[in-house]
Amino acid sequence: MSLILEACICRDRLVIALEPEAAALFCMHLPVQKDSVNSTFGVFKSGQKYMVVDAGGGTVDITVHEVRDNGSVKELHKANGGDWGGTKVDASFKGLLVDIVGKDVMETFISKNKYDFLHLMRDFEVKKSTINPELNDKVTFTIPVSLSDTFSEKNPGSIISDAVLNSKYKNQLTWIKDKLRMKAKLARSLFGESCKHIVDHLKELFMHPSVKDVSSILLVGGFAESPMFQTVIRETFINKNVIIPKEAGLAVLKGAVICGHEPEKISSRVCRYTYGVEVVITFDSTIHPKSKYILRNSLEYCDNIFSIHVRVGQIVEVGEPQVKQTYKVTEPDQTSIKFKIYTSNNKEPTYTTDIGCTYLGTLTIDMPDTSKGLDRGATLHMTFSGTEIAVTAVDRDNPERAVTTTVDFLG
0 MSLILEACIC RDRLVIALEP EAAALFCMHL PVQKDSVNST FGVFKSGQKY
50 MVVDAGGGTV DITVHEVRDN GSVKELHKAN GGDWGGTKVD ASFKGLLVDI
100 VGKDVMETFI SKNKYDFLHL MRDFEVKKST INPELNDKVT FTIPVSLSDT
150 FSEKNPGSII SDAVLNSKYK NQLTWIKDKL RMKAKLARSL FGESCKHIVD
200 HLKELFMHPS VKDVSSILLV GGFAESPMFQ TVIRETFINK NVIIPKEAGL
250 AVLKGAVICG HEPEKISSRV CRYTYGVEVV ITFDSTIHPK SKYILRNSLE
300 YCDNIFSIHV RVGQIVEVGE PQVKQTYKVT EPDQTSIKFK IYTSNNKEPT
350 YTTDIGCTYL GTLTIDMPDT SKGLDRGATL HMTFSGTEIA VTAVDRDNPE
400 RAVTTTVDFL G
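Once you know that position 95 of the sequence shown is 94 in numbering that gives the first Met the number 0, the rest is easy, because the numbers rise by one and skip nothing.
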C-alpha cells in the first residue's frame, strides 16, 4: 500500500492481477497457437481444460483452468508450485564455482566485489538462454579476474587452473584467466535440478482427479523461453499439447492488461486458504481450554473461535456472495459488532490463534438500537471479486444498515 501511495496511484484505479490467470487470459486471445509438433490451434474452446505453468525467474506457479460456455475461465485446481525457476539454474552455476574455488573464496569475492558478481551473473543469464539439448560446442563464460585474484590471495602459490585440476570437473572444463570453457554436457546439467523438481510436481498433479484429463500445458514466464526447459517438458509429457506463446516472458504482463479490461473473464477460483471471522461461543469445559475462557454479562464464552466461511480447496464463484452466517451480540447494551477477519492455511482451523492463521482486517457495524437487548445480530457474507474479498455485514433487524470492507484475496 505504501508503494501505491508513493507512486500517487489512486487505489480505485489499481487492480492486482494473479500471474497464472493473466497468462491464461493472454493466451486465450491469441488467434493461432503452436504445439510441440508445430501444428496450429485456435483459442481455447468451451469445455477445454489446460494447465498454466508460469515459470519465472524465482518461482514456478501452476494452475489448472477450464473454459466455460460463456468464454470465462473456471479454476479447477488451486495455484501451487515452488522455487524451481531460472534462479535455481543460477544457483547450480554458482554452486559449481564454489566447488572449484571453495566457499570461503566465493563469499569473500561476493562481499568485496559486488559489481563483478552481478556482472558475472548477468553474463550467465545471457548464456543460459543459448544452452539447448543439441548443443555440442563448449560454452564460454567470462569470469571476473577479481575472482581468480581472490582465490590466489586465499591460496598463496596457487592459481585458478590448479583449483580446476583438483576438482571433480577437471575433465569437463578449463579456466584460464577470465575465460571458463565448459563442455556442453556439463552446461546442460545445470538445468537438471530445476527441471526435475518441475517435472516431478507436474506428474503428481496429473494424478489428481480434476487434472488427469487435462490435454494442454501452457508454458509462460521467462524460464519458459529456455530451450532446455521446453525440451524436458515436451519429452516427458509426449501425450500433452505443449503450448509456448511467442515472447512467453511477456505473457503475464500482457495478460494483466486484459485482466484490467475484462476482469469478469475469471468466473471462479479455488481457494488456497480458509477464510472466516473471529467469534465467541458458549464455553464447554469438556472441549475448550481454560485459556480461552471469558465471562461477559454473567455468561461464559470461549474466545478466539475461527468461524469458517470458505475452506481451502473450495471453488468460489467470483462476484457471488458465499455462505451467509448470522452472529449475535454478547451484551445487551452493545452498540456495535466488530468482526476480525482471518485466513488460515488449514482446512478446519479451530481458533484464530492456531498456527497458520493470519489477521487480515476488521469490519465494524454499528447497532445503536439496543431495545432488543441480546436478541440482536448481524448477517455476514464474503464476496470474492478480482484479487479482493468484499466482506459485508448487515443488521438483522435493519437491512438498510450495512457496511462493507475489502481485504486482499491471497488465493
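Think of the CB as a built atom: it goes at the ideal place given N, C-alpha and C, for glycine as much as any other residue. Computed from a predicted model, the values in this text were never measured in an experiment.
On the DSSP bridge list, what partners appear for residue i?
i	result
N420	The displayed coordinates of the chain run from 0 to 410. Any statement about residue 420 would go beyond what the structure contains.
A54	V59
T382	P320, A389
R268	V315
I257	Beta-bridge pairing links I257 to no other residue.
I364	I336
V72	V66, I265
I304	V278, Y350
For residue i, which three-state DSSP category applies?
i	result
Q413	Missing from the structure shown is residue 413; the chain here goes from 0 to 410 and no further.
Y114	helix
V377	Note that residue 377 corresponds to Ala in the displayed sequence, not to Val. Note: A377 maps to strand in three-state DSSP.
F222	helix
L17	coil
C26	helix
D98	helix
F43	coil
R400	coil
K245	coil
D103	helix
F236	coil
R295	strand
K48	strand
D407	strand
D283	coil
Measure from the alpha carbon of residue i to the alpha carbon of each residue in the options, then state which is nearest.
i	options	result
K127	G85, L75, P155, N135	G85
L24	D407, V51, S160, G254	G254
A16	Y272, V251, Y341, V315	V251
V315	M27, T405, S284, T273	T273
D365	S335, K113, P288, Y114	S335
K327	M206, K137, G376, A90	G376
I175	V163, K93, A186, D407	V163
S188	L134, G248, S290, C26	L134
I109	T129, H76, I130, V144	V144
H76	M50, H200, I257	M50
E412	H200, L146, V88, N112	Since the first residue of the chain shown is 0 and the last is 410, residue 412 is not available in this structure.
A22	K167, I340, V72, E152	V72
E234	F282, P132, F150	P132
E106	C194, L201, D161, F150	F150
Q313	T325, V97, N344	N344
With a threshold of 6 Å, establish whether the CB of residue i neighbours any heavy atom of the ligand COA.
i	result
F228	Inclusion of the ligand COA in the displayed structure is not the case, the ligand content being empty and no account of it being possible.
Give a yes or no on contact between the region 298-316 and the region 275-282, applying the rule of three or more CB pairs nearer than 8 Å. A contact exists between the region 298-316 and the region 275-282.
For the region 137-216, list the beta strand (DSSP E) runs that are entirely contained and at least 3 residues long, ordered along the chain. DSSP runs (the beta strand (DSSP E)) wholly in the region 137-216: 138-141, 172-175, 178-181.
Just checking, does the region 316-323 make contact with the region 375-389 on the three C-beta pairs under 8 Å criterion? Touching, per the Cβ criterion.
Within the region 306-362, ranges of the alpha helix (DSSP H) (whole runs, at least 4 residues): Uninterrupted alpha helix (DSSP H) stretches at least 4 residues long and entirely within the region 306-362 do not occur.
Mind the definition here: the region 289-301 touches the region 254-268 only if three or more C-beta pairs lie below 8 Å; say whether that holds. With a cut-off of 8 Å, the region 254-268 and the region 289-301 do not count as touching, because too few Cβ pairs lie within range.
For the pair the region 50-65 and the region 193-207, tell me if three or more CB-CB distances fall below 8 Å. Verdict: yes, contact present.
Pairs of beta-carbons, one from the region 238-247 and one from the region 217-226, closer than 8 Å: are there three or more? Yes, since at least three Cβ pairs between the region 238-247 and the region 217-226 fall closer than 8 Å, the two stretches touch.
Any contact of the region 281-291 with the region 220-229, i.e. 3+ C-beta pairs under 8 Å? No, the region 281-291 is not in contact with the region 220-229.
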